[in-house]
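Working notes for the structure below.
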């Protein structure tokens, strides 16, 4: 059982990496074309002071794409996973607080955003999705070693495959 | 050499070897820690730089962040006020010409607003905004149509109500490419909009201004369209009855 996990873990982590990369990549890319809309989506949460709204509106999509790139390449996987998790926690808090305050907004997670009709909010769905991704991010932070990763190539052959890891003699 | 001496020699050699080994591992650990630190700092610097540049690029791409000039004779909200100066109530409409609910409001109340304005009972403030650009396949129809309306505001303000209702009559489907600039010009020309206004529409002169008005309205709390205000109070019930009741309450 343990051995099976040893074999499967890098593949599981690879899938987690790519899923997170896909979600953040798409989310960022869909927000990039219309910076004004992105700013309005941030403002619609009514959480940040106006001075910070454009910074987040312009910067968040870029940051998401950058994070997606790091995840896609498997560069600094553990850090990327932790940052992903932190971002997802922030998103859950933002959406949760919008719901709690009775706002009727679209989360703007994948572009769009702003007010929607009272019956058209998707808070539960948005939060569940983010929590599921959060679980994935935490798992990836716990087991960052994965296939086809820059981290793996940089670490050299000993870290590429657990099956060929020399026992005890690694130091010589 | 006795056996005990030999053993002590071996012990000493082992001890030296162990100490050397420990030192080597220590050095390795330190090197690894240093490498991690360098990677972390480099990554942080790269992220800050890229995001910083990204923010600058996005700001430069933002139409609303540019200092866009608008037509003259605008209200403080950036729109156009029509009606007699002594009309006691002002009805302000924030609309996006791509928005079906805005068309529905116009269908329900457009004629009534014109009538009350004609009787001197109300002033009507038109504030076209652009919040639905994502529904026109990248052609930014919301911005272009609002910009065109501001062109008419600048050249032929008295034609604005007609131009607005004509835009609704020809409202494109959401997620279509919207009306193209030639079609906007055709609508304007059919109403008798002057050459100046037509050139303005053709050049998209006030598209940036439309984006700027939208941003200003958003900062002041505009959440969606249509938003209708009666003397600054947001109207929740957009039916004809709701509008009439609110106007009567203000009179």
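Residue numbers (our numbering), protein chains in the order written: chain A, 207 to 378; chain B, 256 to 506. The C-beta atom is built at its ideal place from N, Cα and C for all residues, glycine as well. Every value quoted in this text rests on a predicted model; they were computed, and no experiment measured them.
Residue 488 of chain B has B/485 as its beta-bridge partners, per DSSP.
By the CB criterion at 8 angstroms, residue 396 of chain B and residue 334 of chain B fall outside the cutoff.
Within the model, the alpha-carbon separation for residue 368 of chain B versus residue 400 of chain B is close to 21 angstroms. Within a 10 Å sphere around the beta-carbon of residue 303 of chain B sit fewer than 16 other beta-carbons, which makes this residue exposed.
Of the other Cβ atoms in all chains shown, fewer than 16 fall within 10 Å of the Cβ of residue 289 of chain B; this residue is therefore exposed. Each residue's CA atom was taken as its position, placing residue 308 of chain A and residue 280 of chain B some 59 angstroms apart. Neighbours of residue 240 of chain A in chain B, taken as residues at a C-beta separation under 8 angstroms, are given in chain order as 388, 389. Shown here, residue 357 of chain B sits in a helix according to DSSP, grouped into three states. Contact check for residue 360 of chain B against residue 493 of chain B passes: the beta carbons are separated by less than 8 angstroms. Within the same chain, and ignoring the five residues on either side of residue 333 of chain A in sequence, the residues whose Cβ sits closer than 7 angstroms to its Cβ are 298, 301, 302. For residue 313 of chain A, the secondary structure class from DSSP, reduced to helix, strand or coil, is coil. Residue pairing by DSSP puts residue 345 of chain B in a beta bridge opposite B/378.
Taking a C-beta distance under 8 angstroms as the contact criterion, residue 398 of chain B and residue 466 of chain B qualify as a contact pair.
Interface criterion not met: the Cβ of residue 335 of chain A is under 8 angstroms from no Cβ in chain B. Nearest Cα to residue 283 of chain A within the set A/362, A/212, A/245, A/219: A/219. Separation of residue 265 of chain A and residue 486 of chain B (C-alpha to C-alpha, rounded to the nearest whole angstrom) is 37 angstroms.
Sequence-ordered contacts of the segment 473 to 484 of chain B with chain A read 473, 474, 478, 479 [C-beta pairs closer than 8 angstroms]. The criterion of a C-beta distance shorter than 8 angstroms is not satisfied by residue 287 of chain A and residue 310 of chain A.
In the three-state reduction of the DSSP assignment, residue 325 of chain A falls in the helix class, which pools H, G and I.
Within chain B, the residues whose beta carbon sits less than 7 angstroms from that of residue 250 of chain A are 478, listed in sequence order. With its beta carbon at least 8 angstroms from every one in chain B, residue 358 of chain A lies outside the interface. Along the length of the segment 257 to 337 of chain B, whole alpha helix (DSSP H) runs at least 4 residues long occupy 258 to 316, reported in chain order. Under a 10 Å Cβ-count criterion, residue 360 of chain A is classified as exposed, with fewer than 16 other Cβ atoms of the shown protein chains found around its own Cβ.
In this structure, the beta-carbon distance from residue 337 of chain B to residue 378 of chain B falls below 8 angstroms. A/267 is the residue among A/256, A/267, A/257 whose C-alpha sits nearest the C-alpha of residue 309 of chain B.
Residue burial is scored here from C-beta neighbours: residue 469 of chain B has at least 16 other C-beta atoms within 10 angstroms and is therefore classed as buried. Inter-segment contact for the segment 219 to 234 of chain A and the segment 341 to 361 of chain A is present: three or more beta-carbon pairs are separated by less than 8 angstroms. DSSP places residue 350 of chain B within a strand segment (E or B) once states are collapsed to three.
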